[in-house]
Amino acid sequence: MTRKRYSGQQEMAPKNDNYMKNVFRIVFISLFFVACQQKITPADVVKINGYWEIEKVVFGQGKDKDYGMNESYDYFQIGKNNSGTRKKVMPQLDGTFLVNNTYENVTIRFAGDKAFLDYSTPFTKWSEELISLSEDKMVLKNPEKKEYHYKKTGPINLLGDGKKTK
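Plus 302 on top of the position in the sequence shown (first one is 1) and you've got my numbering.
Now the structure itself:
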């Protein structure tokens with residue numbers, strides 16, 4: 303009976319192949335996630351303008367809170383200088399909105415590959431990171447790692463009076 307002798311290098315080859323395959327998989331997956339992350343540009347800022355309704359909040363622990371019908375919307379009005387206001391508005395059944403004089407000043411700030419909404423009132427200041435933004439979806443993350451998922455919305459007209467809402 304003869305035994306085949308393998309050198310130590312040959313025995314290590316299969317282990318090294320698996321190791322390299324795993325390294326390539328990890329690198330590929332990492333690049334995939336980095337490439338999929340949306341980069342917000344100054345040209346995207348115009349998409350923020352309008353009425354936004356919270357769909358859900360994702361808490362840092364991975365728990366979600368879904369919102370059905372909201373009593374108020376956030377109305378953003380951002381100008382060319384990347385600053386403007388955010389107001390809470392309450393939609394009415396006739397397509398109008400109840401608005402009060404309370405608002406927050408908003409400035410869009412770009413830092414590296416990230417975009418932030420910096421808010422200020424006479425009483426306080428805070429920031430939220432703009433995670434993603436499209437024509438009809440927006441995600442903001444606050445310092446407590448809560449993610450606010452918004453959908454673009456508009457006036458409600460349930461009265462059916464034939465009048466167009468503005």
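We put the CB at the ideal spot given by N, CA and C, even for glycine.
Pairwise C-alpha distance: residue j and residue i
i, j, result
"glutamate 446", "serine 434", "18 Å"
"aspartate 346", "threonine 387", "17 Å"
"asparagine 372", "proline 393", "9 Å"
"leucine 419", "lysine 443", "10 Å"
"tyrosine 456", "tryptophan 428", "Inspection of the sequence shows that residue 456 is occupied by glycine rather than by tyrosine. Spanning the two alpha carbons is a distance of roughly 27 Å."
"glycine 362", "lysine 349", "26 Å"
"isoleucine 380", "methionine 440", "15 Å"
"lysine 454", "lysine 341", "20 Å"
"threonine 365", "leucine 460", "Residue 365 is actually lysine in this sequence, not threonine. If you take the alpha carbons of lysine 365 and leucine 460, they lie about 34 Å apart."
Where residue i sits in the DSSP three-state scheme
i, result
"proline 344", "helix"
"leucine 410", "Leucine is not the amino acid found at residue 410; the sequence shown has isoleucine there. The answer is strand: DSSP assigns isoleucine 410 an E or B state."
"isoleucine 458", "coil"
"valine 336", "Summary for valine 336: the model assigns pLDDT 41, below 50, so the residue's position carries little reliability; its value from the coordinates is reported in the next sentence. In the structure shown, valine 336 sits in a helix (DSSP, three-state: H, G or I)."
Residue i: CB within 7 Å of a non-hydrogen atom of the ligand ATP
i, result
"glutamate 406", "The ligand content of the structure shown is nil, which means the ligand ATP is not present either."
Proximity of residue i and residue j at Cβ, strictly below 8 Å
i, j, result
"phenylalanine 412", "proline 344", "yes"
"tyrosine 405", "tyrosine 375", "no"
"asparagine 402", "phenylalanine 378", "no"
"valine 391", "glutamate 449", "no"
"serine 385", "threonine 423", "no"
Integer-rounded CB distance, given that residue j should sit under 8 Å from residue i
i, j, result
"lysine 416", "glutamate 431", "6 Å"
"tyrosine 452", "isoleucine 356", "6 Å"
"aspartate 368", "lysine 382", "So it is not a contact: roughly 35 Å between Cβ atoms."
From the options, residue whose alpha carbon lies closest to that of residue i
i, options, result
"threonine 426", "Lys439, Gly414, Gly364 and Asn407", "Asn407"
"isoleucine 458", "Lys389, Gly414, Gly364 and Leu395", "Leu395"
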